[in-house]
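Q: First, the structure itself, so that you have it in front of you.
2 protein chains.
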Amino acid sequence: MTGQPVTTKEKILEAAADIFGREGFKATTIRRIAESAQVNVAAINYHFRDKEGLYAAVLEHVFHTGFARFPSHGGIDDGMPPERQLYFFIRTMFYRLLSSEGWGGRHGKGRLIARELLDPSPAFESVLDAYIKPHKELLLSILVAISGRNPGPELLLPCAVSIIGQCLYYALAAPVIKRITGSDVPIETQLDRLSEFVWRFSLGGIAAIVSGVGAGSVPDPQPHSTPFSPLDEP
Amino acid sequence: MTGQPVTTKEKILEAAADIFGREGFKATTIRRIAESAQVNVAAINYHFRDKEGLYAAVLEHVFHTGFARFPSHGGIDDGMPPERQLYFFIRTMFYRLLSSEGWGGRHGKGRLIARELLDPSPAFESVLDAYIKPHKELLLSILVAISGRNPGPELLLPCAVSIIGQCLYYALAAPVIKRITGSDVPIETQLDRLSEFVWRFSLGGIAAIVSGVGAGSVPDPQPHSTPFSPLDEP
DNA sequence: AAGGGAATAAAACGAATGTTTGATATCTGC
DNA sequence: GCAGATATCAAACATTCGTTTTATTCCCTT
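What follows is the structure in structure tokens.
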């Protein structure tokens, strides 16, 4: 973001990103956006055609600024050991998601992403190709390097999903986590600690997956074949 | 669930759970529910007071049936090795979330839970205490048993969050995962395989966390103290 | 069989929402 | 300095939504 928004269009985008994120598309009214941006309601339709057009512009705006400020490869250079690259990948993701310079976590635009994961909008398609796919490719290449003898995508893809899943869950279910555990989830000032935890946990997970392909390295290698059936009534 | 719904109240509950899950609270209209349940619109207000009352009833209904069919401790007995208990915990969670006998994943009530994680409703409070807290306590006790020398909740709580996070992300971001990776995410028939993966990954993660408390067991133990600053412009 | 409460149905009401209209203001290039 | 395009504004429109009202039907008890 280059300073405070000045033009009407920018004011609308900033206000809309915040309100869309907090309330969701349907629950957000353009009057509320206009009020928050101190702008006439008709200006929204004038600049963005309709509510959906505004939403699409907001989504692109949010991803653009987020990945511009915190690029996927932030802090990473090719000479680093891949484990270290993974740490920066995770950390940058947390900063992008949760820091106030990024998407501000649950208090703002961060929830837009969660909402898109739940209900992908048409506008999400281009965002996927432009921002998320390269992001995933980078993570996969790091995982290939970490796992040495490449175990193939059928094992590395789920690893990537598990890593991203942890990050997103931490970032987006924060209030529920806090409510259940009674402990605050690390935010803003504790992003480094949180990053390190997920990084350690994930390194251990990757090692277990890559090494334990055969059997025996984990206790009870075939517990899924026990007579427990989900069809049994409790 | 005890057979097909017969009474008007049950018909409304079933239809509402599905539509609320798919569309969200705000985007769901009473008329749409009435149509789907083949019931008059006024019947909804008659039986559930208002839209919020219906939603609260739906939430309780969904959690009750889900945890009745797939209880947290399903398949677990105290004599089992804790690693094995963890497997069943994860597996039961996937079945509850994703199987058609459970919440049906993204195609129905499963998304209600995801929506509540994003925007907790007032009705979610009681559900947290009644269903989710015991669920979390069980997981924690399993983790305590696995980690042997109890490392304390400051390490085990994040482990629990990481495990749950993987499950929920797999379950709820399925279409986006599929779209990005190009591969289908395991569903329905592949829940056992998915459970085993998350189980292995998590066991490795737990081991890394529990063992690596000091330092040195993972490469570059303090990568977060490097000069990389999130304040640097890219 | 009759009476009465519970349940269902159709219609209408008032509030809120996305969008459009037409008038006015502001900026831009010549 | 002025004409034409661009931008902003207040007001109104048509639609949709949750809810209420009122009338009717169903079912159970006496």
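Chains as they are written, first to last, in UniProt numbering: chain E, 1 to 234; chain B, 1 to 234.
The C-beta atom is built at its ideal place from N, Cα and C for all residues, glycine as well.
Note that the structure is a prediction, hence the values are computed from the model and not measured.
Output the boundary residues of the alpha helix (DSSP H) element that contains residue 8 of chain B.
A: The count along the second sequence starts at 1 and reaches residue 8 of chain B at position 8. 8-23 is the span of the alpha helix (DSSP H), which, as asked, contains residue 8 of chain B.
Q: Leaving aside the five residues before and after residue 93 of chain E along the sequence, list all residues of the same chain whose C-beta is less than 6 Å from its C-beta, in chain order.
A: Along the first sequence, read from residue 1 onward, the residue named residue 93 of chain E stands at position 93. Here the set comprises 167.
Q: Measure from the C-beta of residue 118 of chain B to each C-beta in chain E and report whether the shortest distance is under 8 Å.
A: Residue mapping note: residue 118 of chain B aligns to position 118 of the second sequence, counting from 1. Interface residue, yes.
Q: Mark residue 129 of chain B as exposed unless 16 or more other C-beta atoms lie within 10 angstroms of its C-beta, in which case mark it buried.
A: For the purposes of this step, residue 129 of chain B is taken as the residue at position 129 of the second sequence. Looking at its Cβ environment, which holds fewer than 16 other Cβ atoms inside 10 Å, residue 129 of chain B is exposed.
Q: Below 7 Å on C-beta distance, what does residue 202 of chain E contact in chain B?
A: For the purposes of this step, residue 202 of chain E is taken as residue 202 along the first sequence, with counting starting at 1. Ordered by position in chain B, the residues that pass the 7 Å Cβ test against residue 202 of chain E are 205.
Q: Does residue 96 of chain E pass the burial test, meaning 16 or more other C-beta atoms within 10 Å, or should it be called exposed?
A: Residue mapping note: residue 96 of chain E aligns to position 96 of the first sequence, counting from 1. It counts as buried.
Q: What number of angstroms, rounded off, separates the C-alpha of residue 55 of chain B from the C-alpha of residue 126 of chain E?
A: Taking the first residue of the second sequence as position 1, residue 55 of chain B is located at position 55. Taking the first residue of the first sequence as position 1, residue 126 of chain E is located at position 126. Approximately 34 Å, taken between the alpha carbons.
Q: Excluding five sequence neighbours on each side, which residues of the same chain lie with their C-beta closer than 8 Å to the C-beta of residue 53 of chain E?
A: Here residue 53 of chain E corresponds to residue number 53 of the first sequence, with the count starting at 1. Result list for residue 53 of chain E: empty, nothing under 8 Å.
Q: Please determine, among B:46, B:74, B:106, B:138, the residue with the shortest C-alpha to C-alpha distance to residue 160 of chain B.
A: As a position in the second sequence, residue 160 of chain B is number 160, starting the count at 1. Checking every option, the nearest Cα to that of residue 160 of chain B belongs to B:138.
Q: Report the rounded CA-to-CA distance for residue 57 of chain E versus residue 149 of chain B, giving the unit in angstroms.
A: Stepping through the first sequence from its first residue, residue 57 of chain E is reached at position 57. Stepping through the second sequence from its first residue, residue 149 of chain B is reached at position 149. The alpha-carbon atoms of residue 57 of chain E and residue 149 of chain B are separated by roughly 53 Å.
Q: Alpha carbon to alpha carbon, how far is residue 13 of chain B from residue 34 of chain B?
A: To locate residue 13 of chain B, count along the second sequence from 1; it is residue 13. To locate residue 34 of chain B, count along the second sequence from 1; it is residue 34. Taking the straight line from one Cα to the other gives about 10 Å.
Q: Nearest to residue 78 of chain B by CA position, among B:70, B:31, B:89, is which residue?
A: Along the second sequence, read from residue 1 onward, the residue named residue 78 of chain B stands at position 78. Of the candidates B:70, B:31, B:89, the one whose C-alpha sits nearest the C-alpha of residue 78 of chain B is B:89.
Q: Can you list, in chain order, the residues of its chain whose CB lies under 6 Å from that of residue 111 of chain B, leaving out five sequence neighbours each side?
A: Reading the second sequence from its first residue, position 111 is the one you call residue 111 of chain B. These residues qualify, in order along the chain: 21.
Q: Exposed or buried, residue 68 of chain E, counting other C-beta atoms within 10 Å across all chains shown (16 or more means buried)?
A: The sequence position of residue 68 of chain E within the first sequence is 68, counting from 1. Exposed: under 16 other Cβ atoms inside 10 Å.
Q: Consider the Cβ of residue 66 of chain B: report whether some Cβ of chain E lies at a distance smaller than 8 Å.
A: Along the second sequence, read from residue 1 onward, the residue named residue 66 of chain B stands at position 66. Output row for residue 66 of chain B: interface = no.
Q: Beta carbon of residue 173 of chain B, beta carbon of residue 117 of chain E: below 8 Å?
A: As a first step, residue 173 of chain B must be located in the second sequence, where it is residue number 173. As a first step, residue 117 of chain E must be located in the first sequence, where it is residue number 117. Yes; because the gap between Cβ atoms is below 8 Å, this pair is in contact.
Q: Using DSSP with H/G/I as helix, E/B as strand and the rest coil, what is residue 126 of chain E?
A: Along the first sequence, read from residue 1 onward, the residue named residue 126 of chain E stands at position 126. The answer is helix: DSSP assigns residue 126 of chain E an H, G or I state.
Q: Hey, how far is the Cα of residue 9 of chain B from the Cα of residue 47 of chain B?
A: Numbered from its first residue, the second sequence carries residue 9 of chain B at position 9. Numbered from its first residue, the second sequence carries residue 47 of chain B at position 47. In a straight line, the C-alpha of residue 9 of chain B is about 7 Å away from that of residue 47 of chain B.
Q: Cβ closer than 8 Å: which chain E residues qualify as neighbours of residue 136 of chain B?
A: Position 136 of the second sequence holds residue 136 of chain B. Simply 180, 181.
Q: Are there 16 or more other CB atoms within 10 angstroms of the CB of residue 183 of chain E, so buried, or fewer, so exposed?
A: Counted from its first residue, the first sequence places residue 183 of chain E at position 183. That one is exposed.
Q: By Cβ distance, which residues of its chain are closer than 8 Å to residue 134 of chain E, with the 5 residues on each side in sequence left out?
A: For the purposes of this step, residue 134 of chain E is taken as residue 134 along the first sequence, with counting starting at 1. Result list for residue 134 of chain E: 72, in chain order.
Q: Determine, using beta carbons only, whether residue 15 of chain E and residue 59 of chain E come nearer to each other than 8 Å.
A: Translated into the one-based positions of the first sequence, residue 15 of chain E becomes position 15. Translated into the one-based positions of the first sequence, residue 59 of chain E becomes position 59. No, they are not a contact pair.
Q: In the UniProt domain "HTH tetR-type" (6-66) of chain B, which residues sit with their C-beta less than 7 Å from some C-beta in chain E, listed in chain order?
A: Here the close residues are 24, 26, 27.
Q: List the residues of chain E whose Cβ lies closer than 9 Å to the Cβ of residue 122 of chain B, in chain order.
A: In the second sequence, residue 122 of chain B corresponds to position 122, counting from 1. Neighbours of residue 122 of chain B on chain E: none; closest Cβ ~13 Å, over 9 Å.
Q: Might you give, ordered along the chain, the residues of its own chain that have their beta carbon closer than 7 Å to the beta carbon of residue 19 of chain E, omitting 5 neighbours on each side?
A: By one-based count along the first sequence, residue 19 of chain E stands at place 19. Closer than 7 Å at Cβ, skipping near neighbours: 28, 32, 33, 36.
Q: Are residue 195 of chain B and residue 87 of chain B closer than 8 Å when you measure CB to CB?
A: Residue mapping note: residue 195 of chain B aligns to position 195 of the second sequence, counting from 1. Residue mapping note: residue 87 of chain B aligns to position 87 of the second sequence, counting from 1. Their beta carbons are under 8 Å apart, which means residue 195 of chain B touches residue 87 of chain B by this criterion.
Q: Counting only beta-carbon atoms, is residue 270 of chain E nearer than 8 Å to chain B?
A: The first residue shown for chain E is 1 and the last is 234, placing residue 270 of chain E beyond what the model contains.
Q: Would you mind stating whether residue 17 of chain B and residue 61 of chain B have Cβ atoms separated by less than 8 Å?
A: One-based indexing of the second sequence puts residue 17 of chain B at position 17. One-based indexing of the second sequence puts residue 61 of chain B at position 61. Going by C-beta atoms, residue 17 of chain B is nearer than 8 Å to residue 61 of chain B.
Q: Secondary structure at residue 80 of chain E, three-state DSSP: helix, strand or coil?
A: Residue 80 of chain E sits at position 80 when you count from the first residue of the first sequence. Note: residue 80 of chain E maps to coil in three-state DSSP.
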